[in-house]
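Chains as they are written, first to last, in our numbering: chain A, 1 to 279; chain B, 1 to 129.
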Amino acid sequence: MARITAGVTTSHVPAIGVAIDRGETTTDYWAPLFAGYEWSRKWMAENLPDVVVLVYNDHASNFSLEVIPTFAIGCAESYQVADEGFGPRPVPEVPGHADLSCHLAEQLILEEFDLTVVNRLDVDHGLTVPLSLLFGQPEVWPVRVVPIAVNVVQYPQPTGRRCYELGKAIGRAVTSFPEDLNVQVWGTGGMSHQLQGPRAGLINPAFDNAFLDRIIDDPEGLTHIAHLEYLREAGSEGVELIMWLIMRGALGERVTPLHRFYHVPASNTAVGHLVLEAG
Amino acid sequence: MVERPDFEDIPGTTVFTAQRSRQGFHLNQFCMSLMKPQNRARFKADERAYLDEWPLTEAQKAAVLARDYNAAIAEGGNIYFLAKIFATDGKSFADAAANMTGMTPEAYREMMLHGGRSPEGNRSIKEGR
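Structure, rendered in structure tokens:
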């Protein structure tokens, strides 16, 4: 039987991918950021899962404005790396786990979470930067990935509560998969940031640190944060934090925090990172 | 297009609603076309001619040609789509953010290194907080 062993949250800033791809991780600017992931990379190497259910958002790479799925699940054997306007990142294609994806799609839709099933999905920095942060620069990614894409680009995004409940349903669906698999769930994006308009550059460490505290002990409380509050407090792109609630819902009632990191800035963004053990 | 006064109350911010998505549909679809290297090459060779192939308003075309991202957002552009333009220019999100705040890239980078823009006074125009 498959089991969820751990959860990871991390920001997925594109400039972090550029720094890795150009070998700039030890510069004065970037070294403190990558130092915050060192413990996690070692832990990950020793606790490698078979599959990561990776919750991320597409940034106008696979989904244009023609179709905007609120929740989508990749069900492919593998996922190509998108060209975001400067050529694809020089990282390996992402191996999928189609059987687990199809099982999750079936279970979740029967539980009335109506995910869009995607059989061809090109993945952008939202998915590949977290893989790079946790696995470095391997020839082949050491895990299989089930991508769950969440619309955070166009208002209205799903509510935090809906995300948390979806996470719980993912938790149930994973544990009903008959194959013996070690599964992690990652929630990516955030923390506070705004990439547009005269208010660009907004960072709110008080909001972010309270969120880091509460995602551990009070995720239910976080589900009450409305869109307007994310916009005001965490910037127009800070609403990505709803994706962390999917991860948290999947992990069950209790978690043990193993690692916590917060850093400002990575380009325009406050970076937050947690490793949580289920139970 | 004021349908949400509470959104309009957030300083220096445009919320990308379904209505704005309609307004900016062709502008944003044009941006996505720049994900193909052959389209980037054609755009760079003659920006105006490439833009003229798309059913954009003159204001949308002018915003793109001037790389005026605030104007592009006012015309329905979304930052993740507009990112394909500045990626084509070899520019980063931080460069584009500086452009939209009216700061030099250096001054913007300094602000971020010092902790970014505080939310104090930037949450609500009406409530002044």
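Cβ atoms here follow ideal geometry from the backbone N, Cα and C, with glycine treated the same way.
Starting from residue i, find everything on chain B with Cβ-Cβ shorter than 8 Å and list it in chain order.
i	result
A:Phe86	Ala87, Thr88 and Gly90
A:His259	Near A:His259 there are no residues of chain B at all, since even the closest Cβ is about 23 Å away, more than 8 Å.
A:Glu233	Pro119 and Arg123
A:Ser64	Asn28, Gln29 and Met32
Would you mind telling me which residues of chain B sit closer than 7 Å to residue i, beta carbon to beta carbon, in chain order?
i	result
A:Ile225	Near A:Ile225 there are no residues of chain B at all, since even the closest Cβ is about 14 Å away, more than 7 Å.
A:Asn268	Phe93, Ala94, Ala97 and Met112
A:Leu195	Ile79, Phe93 and Ala97
A:Asn204	Pro119
Comparing alpha-carbon positions, which option in the options lies nearest residue i?
i	options	result
A:Thr188	A:Pro156, A:Glu38, A:His59 and A:Gln196	A:His59
B:Gln92	A:Phe86, A:His97 and A:Gly96	Note on residue identity: the sequence assigns Ser, not Gln, to residue 92 of chain B. Considering only alpha carbons, the answer is A:Phe86.
A:Asp114	A:Leu222, A:Ile215 and A:Glu165	A:Glu165
B:Thr88	B:Met111, B:Gly128, B:Glu47 and B:Met100	B:Glu47
A:Gly167	A:Asp99, A:Glu253 and A:Gln137	A:Glu253
B:Gly133	B:Tyr108, B:Gln23, B:Phe86 and B:Glu110	The question about residue 133 of chain B has no answer here: the residues shown for chain B are numbered 1 through 129.
A:Lys90	A:Val53, A:Ala76 and A:Gln137	Residue 90 of chain A is actually Pro in this sequence, not Lys. That would be A:Gln137, whose Cα lies nearest to the Cα of A:Pro90.
A:Pro147	A:Val153, A:Ile216 and A:Ile170	A:Ile170
Three-state secondary structure (DSSP) at residue i?
i	result
A:Ile68	coil
A:His273	strand
A:Ala17	A small fix is needed here, since residue 17 of chain A is Gly in this sequence, not Ala. Of the three classes helix, strand and coil, the one that applies to A:Gly17 here is helix, per DSSP.
B:Asp52	helix
A:Val153	coil
A:Gly74	strand
A:Leu48	coil
A:Tyr79	strand
A:Val143	coil
Could you tell me the distance, in whole angstroms, from the CA atom of residue i to the CA atom of residue j?
i	j	result
A:Asp21	B:Pro5	43 Å
A:Leu33	A:Glu220	29 Å
A:Glu24	B:Lys84	23 Å
A:His259	A:Ile16	20 Å
A:Thr116	A:Phe71	6 Å
A:Pro198	A:Met243	26 Å
B:Met112	A:Tyr262	15 Å
Could you tell me which chain A residues have their CB closer than 9 Å to the CB of residue i, listed as they occur along the chain?
i	result
B:Thr17	Gln154, Tyr155 and Pro156
B:Ala143	Nothing about residue 143 of chain B can be read from this structure; chain B reaches only from 1 to 129.
Quick one: list the residues of chain B neighbouring residue i, beta-carbon separation under 9 Å, in chain order.
i	result
A:Arg248	Neighbours of A:Arg248 on chain B: none; closest Cβ ~24 Å, over 9 Å.
A:Pro32	Those do not exist, as A:Pro32 stays about 11 Å from chain B at its closest Cβ, beyond 9 Å.
By the criterion of Cβ-Cβ separation under 7 Å, what are the contact partners of residue i in chain A?
i	result
B:Thr101	Pro198, Ala200 and Gly201
Could you list which residues in chain A have their beta carbon closer than 8 Å to that of residue i, in chain order?
i	result
B:Tyr50	Per Cβ cutoff of 8 Å: no residues; B:Tyr50 is ~14 Å from chain A at best.
B:Gly128	Under the 8 Å cutoff, chain A gives no residues; its nearest Cβ is about 13 Å from B:Gly128.
**Message:** Along the region 68-79 of chain B, where does the CB come closer than 8 Å to a CB of chain A? Name the residues.
**Reply:** Tyr69, Asn70, Ile73, Asn78 and Ile79
inquiry  = Short of 8 Å Cβ to Cβ, which residues in the region 2-15 of chain B face chain A?
reply    = Asp6, Phe7, Ile10, Pro11, Gly12, Thr13, Thr14 and Val15
Residues in the region 149-168 of chain A with C-beta within 7 Å of chain B's C-beta atoms, listed in sequence order? Val153, Gln154 and Tyr155
Taking only beta carbons into account, state which residues of the region 28-45 of chain B come closer than 8 Å to chain A, listed in chain order. Asn28, Gln29, Cys31, Met32, Leu34, Met35, Lys36, Pro37 and Arg40
Members of the region 67-101 of chain A that neighbour chain B once the beta carbon cut-off is set at 9 Å = Ile68, Ala82, Asp83, Glu84, Gly85, Phe86 and Gly87
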